[in-house]
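Colleague: Sharing a structure here in structure tokens format.
Numbering (the working numbering), first residue to last: 1 to 336.
The structure is reproduced here in structure tokens:
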């Protein structure tokens, strides 16, 4: 039976199915000849696997000899089929990985004025999609094998490794690149990557992601041209929406604008929530600085909707929560 060019896993299943059918059919054949089930199955096994033991029961009948010769033919073919598909399955992935890796290295070496994306999380995916739509060549650097495989499946250039390693940045063609975007969820790593990239290519444009506002200054000092704070982007957007009459729809309804906005926040790894400050709330009579400190950086206050009807946008650290108020916060959701 020829090995098809379909997926190796499918070929393995076909091979084992073929051998199973052969063993069942020929076992039943010997059973119909008057053999016991155990003798029939044993005969099929030693014949199919070419063990070479003697006949379990003397085979003198001409049709039974023909049946045994057919078993030798189909049994050996089945075993060869199984062996071939298993070898194909085990080696094809390694061969493709080796050849694909070399081909990808050559393609990266030919890149010029390209972009380097460090990190393939939510934001990295968004950047890659936008660059592809804009026709800008890019290479993605990530250390996680599953994300690297996802990038390769999408047909994009990628390197597996730590972007903090200068050799990885060099392999990504940083000396020829036009821009580098480091969007890892780790501020320390982004600072280190920014510093390394600036030293390796003083002319490159560096855009860095920061999780907390205090990191912005460090990234700029390390050499970043621009710093993006996803939480602040979301907060500014929410504040803008609250200024409009449909703010309540955005916060609680399911209008098209609210759904689109929630999707945008999710892609940034953020979530928006309105928290009622009731008599039993742990945040009652607490200042915004205390609320954010209790959350250990997991949320940021965007607005306070006062019980009397007013709204405090971007409340300061001394703003206090009173009974009946509603606190609009930005939360970080679990990200890759």
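Where is the CB? At the ideal position from N, CA and C, for every residue including glycine.
Output needed for residue 318: all residues of its chain with C-beta closer than 6 Å, excluding positions within five of it in sequence on either side, in chain order.
Modeller: On the chain shown, position 318 is the one that residue 318 refers to. Result list for residue 318: 287, in chain order.
Colleague: Are the CB atoms of residue 71 and residue 47 within a distance shorter than 8 Å?
Modeller: As a working note, residue 47 is residue 47 in the chain shown. As a working note, residue 71 is residue 71 in the chain shown. Yes, Cβ-Cβ distance for residue 47 and residue 71 is below 8 Å.
Colleague: Under 8 Å, with one C-beta from each stretch per pair, do the region 127-147 and the region 157-173 reach the 3-pair mark?
Modeller: Verdict: yes, contact present.
Colleague: Of the choices 33, 49 and 36, whose alpha-carbon is the least far from that of residue 22?
Modeller: In the chain shown, counting from the first residue as 1, residue 22 sits at position 22. Nearest option by C-alpha distance: 49.
Colleague: Under DSSP, the beta strand (DSSP E) around residue 111 begins and ends at which residues?
Modeller: Position 111 of the chain shown, counted from the first residue, corresponds to residue 111. Where residue 111 is concerned, there is no enclosing beta strand (DSSP E), given that its DSSP letter is neither H nor E.
Colleague: In terms of DSSP beta bridges, what is residue 273 paired with?
Modeller: Translated into positions along the chain shown, residue 273 becomes position 273. Residue 273 pairs with 329.
Colleague: Is the beta carbon of residue 204 closer than 8 Å to that of residue 181?
Modeller: Mapped onto the chain shown, residue 181 falls at position 181. Mapped onto the chain shown, residue 204 falls at position 204. Contact: no.
Colleague: Thinking just about the alpha-carbon of each residue, which of 196, 85, 112 and 42 is nearest to the one in residue 14?
Modeller: The residue labelled residue 14 in the question sits at position 14 within the chain shown. With distances taken between Cα atoms, residue 14 lies closest to 85.
Colleague: My guess is that residue 195 and residue 223 are in contact by the Cβ rule of under 8 Å, so how many angstroms apart are they, rounded?
Modeller: For the purposes of this step, residue 195 is taken as residue 195 along the chain shown, with counting starting at 1. For the purposes of this step, residue 223 is taken as residue 223 along the chain shown, with counting starting at 1. Yes, residue 195 and residue 223 are in contact; Cβ-Cβ is about 6 Å, under 8 Å.
Colleague: Starting from the Cα of residue 390, find the closest Cα among 158, 108 and 280 and give me that residue.
Modeller: Lying before the first or after the last residue shown, residue 390 is absent from the chain, which here runs from 1 to 336.
Colleague: Starting from residue 311, follow its DSSP beta bridges and name the residues at the other end.
Modeller: Here the question's residue 311 lines up with position 311 in the chain shown. In DSSP, residue 311 forms a bridge with 305.
Colleague: Quick check on residue 299: does DSSP put it in helix, strand or coil?
Modeller: On the chain shown, position 299 is the one that residue 299 refers to. In this structure, residue 299 counts as strand in the three-state DSSP scheme.
Colleague: So, is residue 188 buried or exposed, given that buried needs 16 or more other C-beta atoms within 10 angstroms?
Modeller: Your numbering for residue 188 matches position 188 in the chain shown. Residue 188 should be labelled exposed.
Colleague: Give every residue of the same chain whose Cβ lies closer than 8 Å to the Cβ of residue 254, excluding the five residues on either side of it in the sequence, and list them in chain order.
Modeller: For this step, residue 254 is matched to residue 254 along the chain shown. Model confidence at residue 254 stands at a pLDDT of 47, short of 50, so the residue's coordinates are unreliable; what they give is reported in the following sentence. Counting only Cβ-Cβ distances below 8 Å, and skipping sequence neighbours, we find nothing.
Colleague: Use the C-beta contact count for residue 27: other C-beta atoms within 10 angstroms, 16 or more gives buried, fewer gives exposed.
Modeller: The count along the chain shown starts at 1 and reaches residue 27 at position 27. It is buried - the Cβ of residue 27 has at least 16 other Cβ atoms within 10 Å.
Colleague: Let me know the secondary structure DSSP gives residue 144 once reduced to three states.
Modeller: For the purposes of this step, residue 144 is taken as the residue at position 144 of the chain shown. Here residue 144 sits in coil by DSSP.
Colleague: Indicate the three-state DSSP secondary structure (helix, strand or coil) for residue 122 in the structure shown.
Modeller: Here the question's residue 122 lines up with position 122 in the chain shown. In this structure, residue 122 counts as helix in the three-state DSSP scheme.
Colleague: For residue 189, which three-state DSSP category applies?
Modeller: Taking the chain shown and counting its residues from 1, the one referred to as residue 189 is at position 189. Helix, per DSSP.
Colleague: What are the partner residues of residue 181, as DSSP defines its beta bridges?
Modeller: Looking up residue 181 in the chain shown gives position 181. Beta-bridge pairing links residue 181 to 117 and 207.
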